[in-house]
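To start, the structure itself, in C-alpha cells.
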Amino acid sequence: MVTAEPEFLAPELMDVVRLFEGAETLEIFVRCDRQGGLFTGEYTIDGKTETKDYRDETEGNEKSLIKRYAKLGLYELLSAHFQKELPWGSLTGIRPTRLAYAELEKGRDFHGLFRTLRVSEENTALVGQVIEGQRGIYEKKEGNVDLYVSLPFCPSKCDYCSFITAPIGKTRQYVPAYLGALERELSAARGLVRNLRSIYIGGGTPFALEEEELGRVFEAVAPFLKDGVEYTVEAGRPDVFTRGKLDLCKKYGVTRICINAQSFSDRTLEAIGRKHTKRQLYEAFDLARPYGFTVNCDLIAGLSGEGVSEFSNSLSEAIALAPENITVHTLCLKKGAKLKEETARLQEGELGEMIALSREVLRSAGYGPYYLYRQKYMAGAHENVGWTKKGYASVYNVDVMEETTDNLAVGANAIGKKLFLREERIERLGSPKDIPTYLSKTDELIEKRAKLFETGLR
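Note that this note's numbering has the sequence shown beginning at 284, numbered continuously upward.
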C-alpha cells in the first residue's frame, strides 16, 4: 500500500511498486517537495525512513518533474531492497520515445536523462534506433489524422486477452446492427477529416466476419481513401482466412494485413485457446502472398509453458516466412484475462533472454525497430517492439504510438484522440466497450465526435 504527500503521487508510485514482485505487501509512505530545482523526497518503507535528493534546473511542468523524481527515488530504494535492476529503470510510462522526443525538441540529448532514470544502456540505444526508424514518417502537423475502425469479433477468445471481444458465436446476433452503426458513424465523420495519413481496421479479428459483412465495412470506409494513404486490415488468425476476403481487401485498396501467429507451437496455440495450427499459419501466408500486401506477423514472448527454445523456434519460423514487419510482444496479463489467474510468473532471466534473442536475431535478419510501447502488468517490465524491413514501417503505428496525429476512431471500445498541438494537450473520446451499450449510444457518439473534431477545423 502506498500513501503520499502530495496525494497525486500515489498512483504514480504504485506503478513503480508493481514493477517488483513482493513490493505490494510493503507499507510505503512518501513525502516530496521541489524548491529551486532541488527535489527532496522522504520515503518510509515498513517503518524505515530514507531521504533522496535530486537537483534538476530544467524548466517545465512542475507536477511532472515532481512525479519523475518521486518515482526515481522509490525505484532506487526498491531496487536496493530487492537487489534487482529493471531494464527501463524508473520509467513506467507506455511511450519512452515520447520522453526522448521531448528532450530532443528542447535541444537536449535524451541519453543523459535516461541514464539518470536508470534505463539500461541497451534500452536507451533501442530508443535511439526507434527514433531513427521513424525518420521520414514522424510528423507533428495540425490536421493530420488517422482513421481507426473497431470490429470486436473473434473466432474464440485467447486466454491472455483482456479485450472485450467474445467468440463471434456468442455475438453474431449483434453483427447486423453493429455494421449499421459503423456505417452511420463513418458517414457522419467524412467532413471531419482534413489530411488523412492512414486507415486501420482492427479488432478483434476483422476476418471473423463473413465476406458480405466485411464488404459492408470496406464500402463504408471507401469514401475516405485517397492515393498514397496506408490502409491496414488486422486480418488476424489463419483459420478465418479465405481467398474471397483477400480479394475484397485488394478490391478496396488495402495495402497491409496482419497475420497474428503469436506462436508457431501447436501445443502453445492449443494451451492459449487459439483454434488453429502452425500449418494453417503457413497456409495463410501462402494464400496472401500473391496479393502483394505488406504483411505483419505478431509473436508473444512469455506465453504459458514456453521457454527460450520454443520462442527461438517461433522467431526462426516467422523470419523464414519473410513478412515485412514482425512485432514482438511481451506477455501482458490484465484484469479480464483468463491466464492472469492461472499462470505462474515467468522467470525474469528466461524472459530477458527471449527479448535479447529477438533483438539479436531480427537485426541479423535485416529488420530494424521502428516503434515500441509498454503496458502495465507486463511480464518482466519489458516492452513491445515493432520490427520492419527497410521501407516498410507502418505510418499508423508510428502516429498512434507517438501521439502525433488526431485519431478518428469508430466502433465499440474505440478511443478517439484530438490533438491540440499549440496547447500541448490531447482530448480523448472513448466509445462504450460492450456492443449493446455502444449500439444504444451511437448517435450520442456521433454528436460528441463532431463537436470535438470540428473544433480543430475552425
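C-beta atoms are modelled at their ideal positions from N, C-alpha and C, and glycine is treated no differently.
The C-beta distance from SER548 to ASN608 rounds to 21 angstroms, too long to fall under 8 angstroms, and the pair is not in contact.
Within the segment 388-432, the complete alpha helix (DSSP H) segments at least 4 residues long are 393-399, 404-416, listed from N- to C-terminus. By the Cβ criterion, the segment 483-495 is in contact with the segment 527-538, since at least three pairs of Cβ atoms, one from each stretch, lie closer than 8 angstroms. Exclusion of the five residues before and after ILE698 leaves ALA692, ARG711, GLY713 as the residues of its chain whose Cβ lies within less than 7 angstroms of its Cβ. Secondary structure within the segment 666-721: the alpha helix (DSSP H) runs of 4 or more consecutive residues, fully enclosed, are 678-685 (chain order). Counting the other Cβ atoms within 10 Å of the Cβ of ASN344 gives fewer than 16, which makes it exposed.
In its chain, beyond the 5 residues on either side, THR515, VAL516, GLU517, ALA518, GLY519, VAL578, ASN579, CYS580, ASP581 have a beta carbon closer than 8 angstroms to the beta carbon of CYS541. Note on geometry: alpha-carbon atoms of ARG391 and ALA567 lie some 46 angstroms from one another.
In the DSSP assignment, the residues bridged to HIS612 are ILE583. Annotated three-state conformation of ARG378 is coil, per DSSP. Rounded to the nearest angstrom, the gap between the Cα atoms of TYR565 and LEU604 is 8 angstroms.
Per the DSSP secondary-structure output, LYS335 pairs in a beta bridge with GLY324. Around the C-beta of GLU405, fewer than 16 other C-beta atoms lie within 10 Å, and the residue is accordingly described as exposed. Per the C-alpha coordinates, the member of LEU469, GLY356, PHE322, GLU295 positioned closest to ARG732 is LEU469. Linking ASP682 to HIS612 through their CA atoms gives a straight-line distance of about 19 angstroms. If you ignore the 5 residues before and after GLN412, its C-beta comes within less than 8 angstroms of the C-beta of GLY651, PRO652, all in its own chain and listed in chain order. A distance below 7 angstroms separates the beta carbons of ALA306 and VAL300. Counting only the Cα atoms, SER587 lies some 27 angstroms from MET684. By the Cβ rule, the segment 668-676 counts as touching the segment 641-660, because three or more pairs are nearer than 8 angstroms.
CA-to-CA, the gap between PRO489 and LEU434 works out to about 6 angstroms. When secondary structure is reduced to three states using DSSP, GLU727 falls in the helix class.
Residue environment analysis places GLN417 among the buried positions, since at least 16 neighbouring C-beta atoms fall within 10 angstroms of its C-beta. When TYR574, PRO719, PHE397 are compared, the shortest CA-CA separation from ARG455 is found for PRO719. Closest in alpha carbon position to GLU325, among LEU479, TYR421, ILE311, is ILE311. Counting the other CB atoms within 10 Å of its CB gives PHE322 a total of 16 or more, which places it among the buried residues.
The bridge partners DSSP lists for ARG539 are THR515, THR577. SER595 and VAL644 have their alpha carbons spaced roughly 9 angstroms apart. Around the CB of GLY320, fewer than 16 other CB atoms lie within 10 Å, so the residue is classed as exposed. Only exposed fits ALA639, as fewer than 16 other CB atoms lie within 10 angstroms of its CB.
Between GLY498 and PHE436, the C-beta gap is not smaller than 7 angstroms, which leaves the two residues out of contact.
In this structure SER723 is exposed. Its beta-carbon is surrounded by fewer than 16 other beta-carbon atoms within 10 angstroms. Look at ARG550 here: in three-state DSSP terms it is helix. In the three-state reduction of the DSSP assignment, GLU288 falls in the strand class, which pools E and B. The shortest CA-to-CA distance from LEU357 to any of ARG562, ALA287, GLY590 is the one to ALA287. Comparing alpha carbon positions, the residue from VAL476, VAL428, GLY694 closest to ASP726 is GLY694.
For the set GLN366, VAL402, ALA385, PHE365, the Cα lying nearest the Cα of THR375 is the one of VAL402.
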